[in-house]
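For the sequence shown, the positions run 29 to 456 when the numbering used here is used. Beta carbons: idealized from backbone N, C-alpha and C, even for Gly. The block underneath contains the structure these notes are about, expressed in structure tokens.
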Amino acid sequence: MGCLGALLFLLGGLGALAQICEITEVDSTLVERLGQRLLPWMDRLSPEQLNPSIYVGLRLSSLQAGAKEAHYLHSLKLSYQQSLLSNDNSDSEAKPSMGQLALYLLALRANCKLVGGRKGGRLVSQLKRFLEDEKGAIGHHHQGHPHTSYYQYGLGILALCVHQKRVHDSVVGKLLYAVEHEQHLQKGHFPVDTLAMAGLAFSCLELSNLNPNQRNRITVALGRVQEKILKAQTPEGHFGNVYSTPLALQLLMASLRPTVELGTACLKAKAALLASLQHKAFQNPLMISQLLPILNQKSYVDLISPDCQAPRVLLEPATETPSQTQVPEFIHVTLKVSSIFPSYRHSVSVPVGSSLEDVLKKAQEHSRFRYGTQASLSGPYLTSVMGNKAGEREFWQLLRAPDTPLLQGIADYRPRDGEAIELRLVGW
Ligand code: B12
């Protein structure tokens, strides 16, 4: 073999080793069971319970909900357009946030519509205004923070991009800077989710070439995001934690950068995810909605040109096995709040299988404990404890004592007997 032959042989070998990220051959019954868990949520049509992420997740999955799906989109349109396009500012609390508007635009695109007309134009202008305000809050010298988060900032850019709407280079520039100087992304709190969302926005911009002046910077940032996410893989295989893995995989699947490590890392993540599915880790509809696309080899970036003709399997409601009525067994859970004076500690007894929210309710009924929540797309978000509302860039963190942050919210986490749960006011 001559020199050229040897070189071609070597390149061919390397090409074969560089792999893309694929999650194929997932048991269809497992996927259907996940989809079935979304169905009851699609009957909840009140404005606080509507969730555009559910619609997006389903449309990018291999499953469909028949007439329910069209009805859900219709309800989303009524609710979002009414609250976003009305000039009534009296009930500003009820207005969707920047991220919710962005998810709504993703839902419209998932139905193969591009925003247009007067109403569509107003929604786009509103999202652009949100981003401009956030850019202002970050500041010229990047000394500030967005009012929402870099996660929502990325989501906003992504939503406009899949509708082929250009945002100013300076808006994209703030997200690029945040990725280039990672300390600006949420310190310690879910950097993988935030990086993945930023990466999805950059992937869309790269493919659509909407900001040609920033092409090189976007390409470099994407490489950095991919590298960081691969580095965040845990020994079990998750990227960050189990719940950031779906978005991380969406980003890696959309990647145009096959590498030797990529394919292997994705296979390992698939194994970890499947194990988590067996352990019923995915019950929350928002989490399921971020997971379903990857089980169908899709990511939010596919919304650039969605395939609305692709065959999808019709979901049938799950057949319920009647549970035997038994006398409930009780467990004891200790609830602690040390961030207040005087501190609080109390043990409550609740039936086995109760959620942390049930524990909080019981403590409120039987002691001086008080709490408040706010509805969100992930479920009830704990906003205040003992009358202390978390301030700007603060939150009430949920921990299993002594120091393990919970990976689920108050409605989903089910404490075990003897566990102590701490609610701690922290900055983020
Ligand atoms: C940003 C963020 C935060 C910020 C929110 C503040 C802010 N102003 O943005 C901070 C750091 C405070 C936070 C806190 C928590 N978070 Co958080 N968060 C996110 C993140 C990265 C983006 C959320 C978002 O903006 N969505 C888009 C907008 C449009 O949707 P939204 O519903 O309007 O957004 C609001 C809610 O998401 C709410 N929120 C944020 N996190 C959580 C978690 C839960 C369980 C609930 C009910 C609500 C909630 O804050 C958002 C802004 O108002 C997601 C990542 C993801 N993959 O979704 C994780 C994520 C949702 N969070 C998660 C968790 C576990 C928590 C905590 C429970 C952690 C803890 N141990 O205390 C706490 C919530 C505790 C509480 N008080 O109820 C998990 C949820 C997993 C699950 N099984 O559902 C996720 C998926 C991260 C992960 N990979 O583990 N979070």
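Taking C-alpha positions only, M315 is separated from S304 by approximately 12 Å. Residue pairing by DSSP puts Y372 in a beta bridge opposite V365.
The region 337 to 355 makes contact with the region 84 to 104: 3 or more CB pairs, one atom from each, lie closer than 8 Å. Between ligand 1 and the CB of G291, the shortest heavy atom gap is not smaller than 7 Å. Following the DSSP letters along the chain, one finds A260 in no beta strand (DSSP E), marked with neither H nor E. Residue environment: D445 is assigned as exposed (fewer than 16 neighbouring CB atoms within 10 Å of its CB, all protein chains considered). According to the DSSP assignment, V387 belongs to the alpha helix (DSSP H) that extends over L384 to H394.
For a cut-off of 8 Å, the C-beta gap from A187 to L106 is around 19 Å, too long to register as a contact. Using a Cβ distance threshold of 8 Å, H191 and L228 do not count as a contacting pair. Rounded to whole angstroms, L233 and R285 show a C-alpha spacing of 15 Å. Under the DSSP assignment, R146 falls outside any beta strand (DSSP E), being part of the alpha helix (DSSP H) whose first and last residues are G145 to I166. Per DSSP, the beta bridge partners of F423 are V454. K193 is positioned such that its CB atom lies closer than 8 Å to that of V152. In its chain, beyond the 5 residues on either side, no residue has a beta carbon closer than 6 Å to the beta carbon of E393. From the listed residues P313, T52, S236 and Y132, the smallest Cα separation to G407 is found for P313.
Collapsing the DSSP output to three states places G227 in a helix. Set against 7 Å, the gap from the CB of G419 to the closest heavy atom of ligand 1 is not smaller. In this chain, the beta strand (DSSP E) harbouring A403 covers Y399 to S404.
Between A226 and V248, the CB-CB gap reaches or exceeds 8 Å.
Put simply, the backbone Cα of L73 is about 15 Å away from that of Y132.
About 16 Å separates the beta carbons of A138 and L155, which is beyond the 8 Å limit, so they are not a contact pair. Shortest Cα-Cα distance from N241 to any of V199, T401 and H266 involves V199. Taking C-beta atoms under 8 Å as the contact rule, L384 and H374 fail to qualify, at a distance of about 14 Å. For Y409, the enclosing beta strand (DSSP E) covers residues G407 to V413.
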